[in-house]
Ligand SMILES: [Zn+2]
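Dropping the structure here:
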């Protein structure tokens, strides 16, 4: 009953884009320059609250290379 090993072979290679991450800029979306690939496509994405931190963390994602980066987000 351990046939699940083959499932690992279906994980796509790193070069594939991750479907649930943004892969294109929305019209009017303000974007910054990506620290990794240099494209203007680094956008604020999800907000994560950590009770150990004074400010929530905003996950930024590059729509070009899908690098993610967490930055503190000041309360509004
Ligand atoms: Zn990038």
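In the working numbering, the protein residues as written are 1109 to 1184.
Beta carbons are placed, not taken as given, at the ideal position from N, Cα and C, and that holds for glycine.
Decide if residue 1172 is buried, meaning its Cβ has at least 16 other Cβ atoms within 10 Å, or exposed. Buried is the call here.
Near residue 1178, what residues of its chain come up, given a Cβ to Cβ distance below 8 angstroms and the 5 sequence neighbours on each side ignored? 1156, 1165, 1166, 1167 and 1168
Three-way DSSP call (helix, strand, coil) for residue 1149 in this model: If DSSP states are grouped into helix, strand and coil, residue 1149 belongs with the strands.
Candidates 1183, 1137, 1128 and 1159: closest to residue 1150 by CA position: 1137
Secondary structure of residue 1142, DSSP reduced to three states: coil
Going along the chain, which residues of its own chain have a beta-carbon closer than 8 angstroms to the beta-carbon of residue 1183, five neighbours each way excluded? 1163 and 1164
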